[in-house]
Amino acid sequence: MLTARLGDTVPDSHKPLTPKEYGRFAEWLRSHSLTPERLLSGDLQSLLQEWADKKITVERIQTLLDRGTALALALEKWTRAGLWVMSRSDPDYPKKLKQRLGSESPAILFGCGNRKLLNSGGLAVVGSRNASKEDLVYAGKIGELTANAGFSIISGGARGIDEAAMLGALEVDGTAVGILANGLLQACASRKYRHALRENNLVLVSPFNPEAGFNVGNAMARNKYIYCLADAALVVHSGRKGGTWNGAQENLKKSWVPLWVKPTEDSEAGNQTLIDAGALAAPENLDNTTNIDAFFKTSHNLLQNLSSPQIAQRKPFEAGSHAEKETPEKIAEEKRTPNPNDYSQMTFYHFFLHKVSPLCTQPRTTEELVEELGLKKTQLNAWLKQAVKEGHLEKLNSRPDSYRIAPQKPIPFEKAG
0 MLTARLGDTV
10 PDSHKPLTPK
20 EYGRFAEWLR
30 SHSLTPERLL
40 SGDLQSLLQE
50 WADKKITVER
60 IQTLLDRGTA
70 LALALEKWTR
80 AGLWVMSRSD
90 PDYPKKLKQR
100 LGSESPAILF
110 GCGNRKLLNS
120 GGLAVVGSRN
130 ASKEDLVYAG
140 KIGELTANAG
150 FSIISGGARG
160 IDEAAMLGAL
170 EVDGTAVGIL
180 ANGLLQACAS
190 RKYRHALREN
200 NLVLVSPFNP
210 EAGFNVGNAM
220 ARNKYIYCLA
230 DAALVVHSGR
240 KGGTWNGAQE
250 NLKKSWVPLW
260 VKPTEDSEAG
270 NQTLIDAGAL
280 AAPENLDNTT
290 NIDAFFKTSH
300 NLLQNLSSPQ
310 IAQRKPFEAG
320 SHAEKETPEK
330 IAEEKRTPNP
340 NDYSQMTFYH
350 FFLHKVSPLC
360 TQPRTTEELV
370 EELGLKKTQL
380 NAWLKQAVKE
390 GHLEKLNSRP
400 DSYRIAPQKP
410 IPFEKAG
């Protein structure tokens, strides 16, 4: 009630609290052994007699709390449409948002779809709305390769690069997280997302009114959430101003996640400037051998290196020129070949095949296998797809998707190498 914006549904002379304001107020409540719920059942003036804040006045809080009926009606409408509401105290609330943003993380999130995906991490892919055909193809391919590698795509769901990356993942049964700045209610009913939502491969969330129209301020504000939900980020195309540019600059400044940028010959783009400022150069050309894992392994190594005093004292352009040398292709080449006589180096995929074999003597749905095997759905989907391609499993023509062991196809017990 204190943070939800109801738009034009009711007169709203006092703005809802921003995440930062709510964090400040919630901290004060905790220090005085109070909860937001307690404000609804007591004398507000008495409960807040020690509260003093020029921006968050008691009158403003009272006005927001008085919207209870209007908010209840709005929530009923949204719930009927399949939306849910999540607060910071919810066990599925994204842990990365709390860790990286603290009190500035959204007090509530509206959403639809598989809320478990909010804590799965993944690769954030962002870029311009008015992107070239080449960049749209690149974004879609990144989505496909990321999904096949077992990771989620995290993006803003906007027209252009964001949407291309998300759909690229979803079209190969991968998973995606969309953090929308507007139109959540409409997006959750969209035909293009219907199958993915039904299969629990997608979650769409927004910290803003689900019926809100486009607002530049909201679009800028949500950028940080895209980066903070991810493990690494990729800018496909950025101008020298606007949402993609500002979001990338903020991430470089705050060091939430390592940033990759696709090189481009477009002289109007800001891509090279971001690389010069410390971002990593992503591979320009993609194929099925592109090592998506390297984005995440480099991210882990880079974060460790950034903690050293020598790296921390470097200027941004020095860090960028060094990082360009460490590309996914180079990291892939440096992988050591496992010792074939060491059974401890057996691939996780072959362990998966032996685990899934007895489970799939009868048809099993993806959700059942997630529960049985304790795997992230992104990783499970990638291995299921590989097992079907190799003939070890059959994908049945059913809804929801289900699998069973392929007849007369022995499961290999191979060593890595």
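Each residue of the sequence shown is one higher than the one before, counting from 0 in numbering that gives the first Met the number 0. For glycine and all other residues, C-beta sits at the position ideal for the given N, C-alpha and C. Remember, it's a predicted structure, so these values are computed and weren't measured experimentally.
For residue i, list the residues DSSP reports as bridge partners.
| i | result |
| --- | --- |
| Arg363 | Tyr402 |
| Ala232 | Ala123, Leu258 |
| Met219 | In DSSP, Met219 forms no bridge with anything. |
| Lys394 | Tyr402 |
| Ser154 | Gly177 |
| Leu279 | Trp259 |
Taking the C-alpha atoms as reference points, what is the distance between residue i and residue j?
| i | j | result |
| --- | --- | --- |
| Arg363 | Tyr402 | 5 Å |
| Leu46 | Trp27 | 12 Å |
| Ser102 | Asn290 | 36 Å |
| Val202 | Ile404 | 29 Å |
| Gln303 | Arg190 | Note on Gln303: pLDDT 46, under 50, position unreliable in the model; no value is reported. |
| Leu228 | Lys95 | 6 Å |
| Phe350 | Ile153 | 28 Å |
| Lys140 | Ala164 | 7 Å |
| Glu367 | Gln361 | 12 Å |
| Gly390 | Met219 | 47 Å |
| Gly167 | Arg37 | 46 Å |
| Pro282 | Lys240 | 23 Å |
| Leu379 | Gly149 | 7 Å |
| His31 | Ala381 | 49 Å |
| Asn396 | Thr56 | 59 Å |
Taking 8 Å as the threshold (C-beta atoms), are residue j and residue i in contact?
| i | j | result |
| --- | --- | --- |
| Arg128 | Arg87 | no |
| Ile107 | Val84 | yes |
| Tyr226 | Asn200 | no |
| Trp259 | Ala278 | yes |
| Asp172 | Lys384 | yes |
| Ala231 | Pro262 | no |
| Val125 | Gly155 | yes |
| Ala268 | Ser237 | yes |
| Leu43 | Tyr21 | no |
| Leu285 | Leu144 | yes |
| Asn181 | Asn222 | no |
Please classify residue i: is it buried, with 16 or more other beta-carbons within 10 angstroms of its beta-carbon, or exposed?
| i | result |
| --- | --- |
| Gly65 | Sequence inspection shows Asp at residue 65; the Gly mentioned does not correspond to that position. By the 10 Å Cβ count, Asp65 comes out exposed. |
| His353 | exposed |
| Ala188 | exposed |
| Pro339 | With a pLDDT of 41 at Pro339, under the threshold of 50, the modelled position of that residue is not reliable, and no figure is offered here. |
| Phe109 | buried |
| Thr78 | exposed |
| Val234 | buried |
| Ala138 | buried |
| Lys14 | exposed |
| Val215 | exposed |
| Leu72 | exposed |
| Gly212 | exposed |
| Phe294 | buried |
Could you check where the beta strand (DSSP E) with residue i kicks off and where it finishes?
| i | result |
| --- | --- |
| Phe109 | 107 to 112 |
| Ala175 | 175 to 178 |
| Leu201 | 201 to 205 |
| Ser86 | 83 to 86 |
Which residue marks the beginning of the alpha helix (DSSP H) containing residue i, and which one marks its end?
| i | result |
| --- | --- |
| Ser45 | 43 to 46 |
| Val57 | 57 to 64 |
| Val387 | 376 to 388 |
| Ala25 | 18 to 30 |
| Arg239 | Note, Arg239: premise wrong, no alpha helix (DSSP H); not H, not E. |
| Gly182 | Per DSSP, Gly182 belongs to no alpha helix (DSSP H) and is neither H nor E. |
Under a CB-based cut-off of 8 Å, is residue i close to chain B?
| i | result |
| --- | --- |
| Lys53 | Of the protein chains in the structure, only one exists, and it is not chain B. |
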